[in-house]
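Structure first, commentary second.
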Amino acid sequence: MNGQITRNPKLAWREVDGEMVIISPEDSHVHELNETASLVWKHAEGKTLEELVEKISAEYEVARETARADLEELLAALGEKQLMFVSPEAKG
25 MNGQITRNPK
35 LAWREVDGEM
45 VIISPEDSHV
55 HELNETASLV
65 WKHAEGKTLE
75 ELVEKISAEY
85 EVARETARAD
95 LEELLAALGE
105 KQLMFVSPEA
115 KG
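So the sequence shown is numbered by our numbering: it starts at 25 and just counts up by one.
In structure tokens:
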């Protein structure tokens, strides 16, 4: 997984006290992201997983492998909720 990351453009969102609050206008469902997920939300748009791994690894002073595993898990969860998407990798 290293495609480009995008937010669902149908969502409304706002930062409240350093954390993201995301509203799905279609069903009025509210999602509140924790500090780490909020950081990813703010910096992910148009980035690749590897670019985010660098950011998270530096921000939280964790090994790249740990940052990568955690980000993959987070992005999968956000994808299941239709909040963020990772496009397929371009083939060489």
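Beta carbons are placed, not taken as given, at the ideal position from N, Cα and C, and that holds for glycine. The structure displayed is predicted, hence computed values, not measured ones.
- Of the other Cβ atoms in all chains shown, 16 or more fall within 10 Å of the Cβ of residue 62; this residue is therefore buried.
- Between residue 107 and residue 35, the CB-CB gap stays under 9 Å.
- In the DSSP assignment, residue 48 falls within the beta strand (DSSP E) that extends over 43 to 48.
- The Cβ atoms of residue 68 and residue 81 do not sit closer than 9 Å to each other.
- Here DSSP, grouped into helix, strand and coil, assigns residue 39 to strand.
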